[in-house]
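Novice: Let me begin by handing over the structure; questions about it come next.
Residue numbers (the numbering used here): 194 to 305.
Right, here's the structure in full:
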């Protein structure tokens with residue numbers, strides 16, 4: 194039951210973000226790690242500050258492609274770190290960004 198609720202929340206957040214899921218846009222998933230300093234995308238690990246250049250130059254992500262940012266863990270602090278990465282991408286001109294995460298995860302404890 195909890196898993197369904199969490200899935201519904203994530204789906205609602207994704208839909209509410211207004212991100213297009215059409216076939217002509219690429220979908221990229223970024224994981225925020227290391228206290229918000231390290232990000233992983235397409236098996237590449239880099240500083241989160243360097244993401245805009247890496248996405249555009251190395252991975253070929255356009256400014257209108259869907260970029261999902263999620264924290265490695267859960268809890269309020271993790272979501273704040275993911276939002277900070279989303280803000281870096283927005284400042285660089287990326288327009289379809291969604292932050293996906295959980296305040297709590299099933300069967301785990303999270304520091305808020």
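Using N, Cα and C, we set each Cβ at its ideal position, and we do this for glycine too.
Model, not experiment: these values are computed from the prediction.
How would you write the range of the alpha helix (DSSP H) that residue 269 sits in, first residue to last?
Specialist: Note, residue 269: alpha helix (DSSP H), 269–284.
Novice: Output the distance between the C-alpha atoms of residue 267 and residue 279, rounded to the nearest integer angstrom.
Specialist: 16 Å
Novice: Please report the residue range of the beta strand (DSSP E) in which residue 247 lies.
Specialist: That residue, residue 247, is in no beta strand (DSSP E); it is neither H nor E in DSSP.
Novice: Considering residue 263, what are the terminal residues of the beta strand (DSSP E) in which it resides?
Specialist: 259–264
Novice: What is the rounded straight-line gap between the Cα of residue 276 and the Cα of residue 250?
Specialist: 23 Å
Novice: Determine the direct distance from the alpha carbon of residue 270 to that of residue 286, and round the result to whole angstroms.
Specialist: 25 Å
Novice: Rounded to a whole number of angstroms, what is the C-alpha to C-alpha distance between residue 233 and residue 264?
Specialist: Pairing residue 233 with residue 264, the inter-Cα distance amounts to about 10 Å.
Novice: Would you mind giving the Cβ-Cβ distance between residue 254 and residue 221, rounded to the nearest angstrom? I have them listed as a contact below 8 Å.
Specialist: 5 Å
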